[in-house]
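Report on the following structure.
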Amino acid sequence: MVSLTSLVKLKQHSMPKGNSLVLLVLLMLLVCIRAPEHEPDAYINWKKCHSLNLQTVCDENMVFLDIVAGWPGSFHDSRVLSLSQLYGKLDVTYFFYFRWLITLFRDNGHLTRRQRQFNTALPAVRQRVERSFSLLKGRWQKLQYLDHLDLVMAVNIITASCVLHNYCLLYDDFDDGYFLPGHADGIEDG
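In terms of mature numbering (1 follows the signal peptide of the UniProt record, and there is no 0), the sequence shown is residues -35 to -1, 1 to 155.
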């Protein structure tokens, strides 16, 4: 099993001297909601259901380090990121792995052994981190569908669920039974 720390070391060894790197994984989740009374079309996502976006930065232990909840489901991942406070904090010292911006080494036939290792390991780490959403939605089943007209309440429920998710992980309240059926392997479809 490859850790985020070892991925950082692999990437650093393959970068020019003097560059530092911290690896975090940014993930997005759509939380289905009842159609809001005000501007319901803005909340329709690519799956054709009403939803709110949840943007998270997660570590390899499934702990959320940063969350932003509440943007309409029609907003693309990159737009949610650009509107977040996190975006303003992005720095060259951080390396984020985005679904829409794959930062693997380009394989032009001349990759080093470490670069090939990195290209193999990064998707595996992302899959493990995606398990955080399966655990979150499995433990807090209410996130399968929020049936609230009050969007502020829906955002508060999402945020509180993320905080409680972290609390449970930090205090070793973990069981594989919490994962959604069929999602314990980290495969999540939004």
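Each residue gets a CB set at the ideal place from its N, CA and C atoms; glycine is no exception.
| Item | Value |
| --- | --- |
| If distances are taken between C-alpha atoms only, which option among 39, 32 and 108 comes closest to residue 144? | 108 |
| For a test of the three-state rule: what should DSSP assign to residue 101, helix, strand or coil? | helix |
| Give the list of continuous alpha helix (DSSP H) stretches no shorter than 4 residues that lie fully inside the segment 109 to 148. | 116 to 135 |
| With H, G and I counted as helix, E and B as strand and the rest as coil, what does DSSP make of residue 88? | helix |
| Sorted by chain position, which residues of the same chain lie with C-beta nearer than 7 Å to residue 10's C-beta, five sequence neighbours on each side aside? | -6, 16, 38 and 39 |
| Is the Cβ-Cβ distance between residue 34 and residue 19 less than 8 Å? | yes |
| Considering residue 31, what are the terminal residues of the beta strand (DSSP E) in which it resides? | 29 to 37 |
| What does a CB cutoff of less than 8 Å around residue 114 pick up in its chain, not counting 5 residues either side in sequence? | -2, 1 and 2 |
| Could you give the DSSP three-state label for residue -16: helix, strand or coil? | Note that residue -16 has pLDDT 39, beneath the 50 cutoff, so the model's placement of it is unreliable and no number is given. |
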